[in-house]
Amino acid sequence: MSGLEWTILFLQLIVAVMQLLDAYLKYM
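Under the UniProt record's numbering, the sequence shown has 22 at position 22, and the numbering climbs by one with no breaks.
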């Protein structure tokens, strides 16, 4: 894969983690 594809995947992963953390903190 190209560097751009890896960057897009990495950014999507970060966004998913942020959303999970946000939901986790809301329900604590």
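Yeah, the Cβ is synthetic: ideal placement off N, Cα and C, and Gly gets one too.
| When you compare only the Cα positions, how much space is there between L9 and Q19? | Taking the first residue of the sequence shown as 1, we reach residue 9 at position 9. Taking the first residue of the sequence shown as 1, we reach residue 19 at position 19. Straight-line Cα distance between these residues: approximately 15 Å.
| task | Quick one: grab the DSSP three-state call for M28. | result | As a first step, residue 28 is located in the sequence shown; it is residue number 28 there, counting from the start. Here M28 sits in coil by DSSP.
| said: Quick check on M18: does DSSP put it in helix, strand or coil? | reply: On the sequence shown, residue 18 is found 18 positions in, with the first residue counted as 1. In the displayed model, M18 falls within a helix according to three-state DSSP.
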